[in-house]
Structure formats: C-alpha cells, structure tokens
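Residue numbers (this note's numbering): 298 to 615. Ideal Cβ positions, reconstructed from N, Cα and C, are used throughout, including at glycine. Everything numeric in this text was worked out from a predicted model, so none of it was measured. Take a look at the structure set out below.
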Ligand SMILES: Cc1ncc(C[n+]2csc(CCOP(=O)(O)OP(=O)(O)O)c2C)c(N)n1
C-alpha cells in the first residue's frame with residue numbers, strides 16, 4: 298500500500314513523475330529546432346496513470362502503450378539516453394533512430410512496442426499474455442490505451458478472448474475524455490467503460506481525478522488478483538491531456554473544450570501535489586539530479602551520429 302504519509306513513498310513517486318514532466322517540457326522547448334524527428338503526442342497532465350500503475354510492476358512485467366507513450370516508457374524504467382537519441386533519429390536510440398516517438402519499443406525496459414494505429418497494441422498485449430502463459434513464465438502484461446481505443450472492434454475481441462482464457466493481463470484505460478477533438482459523449486450512447494468491461498466478466502474499477510495514490514493502490518490490488526490467477530483486470534483512470542492532441546503546442550484557440558475544464562485539471566496537477574508533500578531539500582535533490590540526467594541525455598543524443606542509410610532495411614518484416 299502506498300502511503301501518502303510516508304516520505305520515501307512520496308519521494309519515489311515524485312522522482313518518476315517529475316522526470317516524465319520535465320522530459321516532455323524539454324521536448325516542447327527543443328521541438329522548434331527540428332531536432333526531434335517525429336510527431337510527438339505528449340502526456341503532460343496524464344503522467345499519474347503511468348507512474349501509479351508502473352510503480353507496482355516487476356522488471357519482468359511487460360508494458361504496451363500507444364503513440365502517447367513517453368510516460369509509460371519512462372515510468373517502466375526506460376532508458377533516457379536511448380529515448381532522446383531515438384527522438385533525434387540517431388543510432389544511439391533503442392531502434393537506431395528508425396522508430397521515433399510513436400513506436401517506442403525497448404525489450405530491455407520491458408516495453409515491447411507502441412503503435413500509431415488506435416487500439417492495435419491491445420490484441421498484441423493479449424497475445425503476449427497468452428504466450429507468457431503458454432511458456433509458463435511469471436509475467437504480467439499491462440496495456441495502456443485511450444478511451445477512444447474502446448470504440449474499436451478489436452478492443453472488444455481482445456477483452457472477450459482475454460477473459461475467456463483468464464489471461465494475466467491488466468487493461469488500463471487512460472480516459473482523457475477526448476479522441477483528438479471529439480468528446481466521449483459524442484461517440485458513445487453511454488460512456489460507462491467499466492460496465493462494458495464487466496460485460497466480458499472482467500472486474501473493472503474507475504479512478505477519478507488522476508489521483509496518483511488511488512491509481513497506485515488500485516493497480517496494486519488488480520495485479521495481486523492477476524497474480525492469484527483470477528484473470529484479467531481493468532482500470533479506467535480519469536485524466537486530462539493539457540496540450541494539443543499532437544505536437545508540442547497548446548490548443549485553447551481551437552475551442553473544442555472549455556478553458557474552465559482544462560484549468561480545473563491543471564489546478565489538480567499531481568506533479569505539483571507530490572512536490573508540495575516533500576520538504577524543500579528532498580525536492581531540490583530529486584529535481585537537480587533529474588535535470589542533470591536530462592541534460593546528459595540531450596548531449597548524448599546530439600553527439601550520436603545519424604544512422605547509415607543501409608540500416609533502413611534491417612529489422613523490417615514484410
Ligand atoms: C484505427 C485508427 N483510427 C483512427 C486513427 C486516427 N486517430 C489517431 S489518435 C486518435 C484518437 C484516439 O483517442 P484515444 O484512444 O482516446 O487516445 P488519446 O489520443 O486521447 O491518448 C485517432 C482517432 C488512427 N490512428 N487509427
């Protein structure tokens with residue numbers, strides 16, 4: 298149980314969430330220089346979901362996510378240097394610069410891959426859970442996806458199959474209300490996502506407000522149930538994307554969502570919440586070592602060469 302009164306618990310969460318926030322702030326700063334060679338989908342505002350869930354995972358557990366995957370990658374303990382080099386399209390990246398932001402995959406970090414096609418990582422994650430079971434390996438698979446992915450047919454097939462086979466998988470819906478610019482109420486007659494998971498006999502829990510402690514503790518319970526052989530579990534984590542759907546910019550000018558809604562979520566920022574629970578010395582120590590790590594990763598990415606054109610056709614499956 299993560300205890301908000303325990304300084305070590307709070308510091309550990311803050312270290313991870315602050316890293317993710319600062320990395321994406323750096324991406325915003327760097328993006329106009331054109332050094333980042335792929336589109337970016339930022340998780341700023343949504344970090345508590347990845348951090349809350351991944352803080353309960355073991356190194357052998359496997360994570361799948363979406364094109365909005367920086368947070369999940371870093372929360373799973375991904376390699377910061379390899380990530381920056383990958384964003385810069387350099388050989389030092391985990392895919393030698395060929396994957397970029399939308400296709401994060403790093404087996405050493407337990408992240409098999411992310412995809413730009415909505416919902417496609419869900420059946421892959423279910424397949425991974427089946428493979429782990431067949432190989433007798435003690436591995437839980439976790440898949441992060443947006444509520445927009447639950448509109449897709451393959452999502453329903455995946456839940457059905459995972460439940461039927463009682464697979465060791467945790468489904469985590471990051472419900473930020475919008476698929477690009479369309480609100481969930483304009484896409485579903487009844488946006489009760491947990492009830493839909495229950496229809497496949499998968500226990501589901503909704504966590505309001507992006508509350509990092511609630512997410513942490515719900516994930517811990519779900520993982521315990523999976524490890525006890527109870528089959529798939531489902532978390533619907535309410536959250537909010539502060540920036541535009543794609544790219545580094547803000548999007549208030551598009552006027553598809555009320556400013557007051559965004560402002561309310563910014564007020565409840567979980568990064569600031571954790572920062573406010575720590576004393577200044579602990580916070581400064583975490584922040585300065587994190588910022589040094591980020592600066593070193595940016596330098597390493599700058600210094601890494603671009604790949605030779607010949608690698609274009611390696612590790613490509615047709
Ligand atoms: C199969 C498919 N349909 C449509 C798109 C275009 N598209 C890209 S992101 C997106 C919205 C997805 O929203 P959601 O799943 O809630 O995730 P979020 O972007 O909010 O993290 C859409 C429709 C796509 N990439 N793939």
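Between residue i and residue j, what straight-line distance do the alpha-carbon atoms span, to the nearest angstrom?
i: residue 470; j: residue 446; result: 9 Å
i: residue 397; j: residue 366; result: 11 Å
i: residue 612; j: residue 376; result: 20 Å
i: residue 600; j: residue 382; result: 9 Å
i: residue 448; j: residue 537; result: 19 Å
i: residue 395; j: residue 336; result: 13 Å
i: residue 322; j: residue 406; result: 22 Å
i: residue 308; j: residue 605; result: 42 Å
i: residue 564; j: residue 304; result: 23 Å
i: residue 408; j: residue 319; result: 21 Å
i: residue 482; j: residue 357; result: 38 Å
If you drop the 5 nearest sequence neighbours on each side, which residues of the same chain put their C-beta closer than 7 Å to that of residue i?
i: residue 315; result: 568, 583, 584 and 587
i: residue 430; result: 464 and 465
i: residue 480; result: 474
From which residue to which residue does the beta strand (DSSP E) around residue i run?
i: residue 467; result: 466 to 472
i: residue 350; result: Premise fails: residue 350 lies in the alpha helix (DSSP H), 344 to 351, not in any beta strand (DSSP E).
Keeping to the same chain, check which residues put their C-beta closer than 8 Å to that of residue i; ignore five residues upstream and five downstream.
i: residue 299; result: 306, 310, 352, 510, 513, 514 and 517
i: residue 484; result: 445, 448 and 476
i: residue 570; result: 509
So, are the CB atoms of residue i and residue j less than 8 Å apart?
i: residue 534; j: residue 360; result: no
i: residue 598; j: residue 370; result: no
i: residue 529; j: residue 591; result: no
i: residue 379; j: residue 354; result: no
i: residue 439; j: residue 419; result: no
i: residue 635; j: residue 412; result: Only positions 298 to 615 of the chain appear in the structure, and residue 635 is not among them; the question remains open.
i: residue 474; j: residue 500; result: no
i: residue 554; j: residue 546; result: no
i: residue 317; j: residue 350; result: no
i: residue 427; j: residue 464; result: yes
i: residue 423; j: residue 391; result: no
In the DSSP assignment, find the alpha helix (DSSP H) that holds residue i and state where it starts and stops.
i: residue 429; result: 418 to 431
i: residue 567; result: 567 to 572
i: residue 324; result: 304 to 327
i: residue 532; result: Residue 532 -> not in any alpha helix (DSSP H); beta strand (DSSP E) instead, spanning 530 to 535.
At least one CB of chain C closer than 8 Å to the CB of residue i: is that the case?
i: residue 529; result: In summary, chain C is missing from the structure at hand, where a single protein chain is found.
Can you list, in chain order, the residues of its chain with a C-beta nearer than 6 Å to that of residue i? Leave out the 5 residues immediately preceding and following it.
i: residue 362; result: 369, 411 and 441
i: residue 339; result: 321 and 540
Would you list, in sequence order, the uninterrupted alpha helix (DSSP H) runs of no fewer than 4 residues that lie entirely inside the region 374 to 414?
Entirely contained in the region 374 to 414, the alpha helix (DSSP H) runs reaching 4 residues are, in chain order, 377 to 384.
Which runs of the alpha helix (DSSP H) at least 4 residues long sit entirely within the region 455 to 511? Give them in chain order.
Correct list: 490 to 496.
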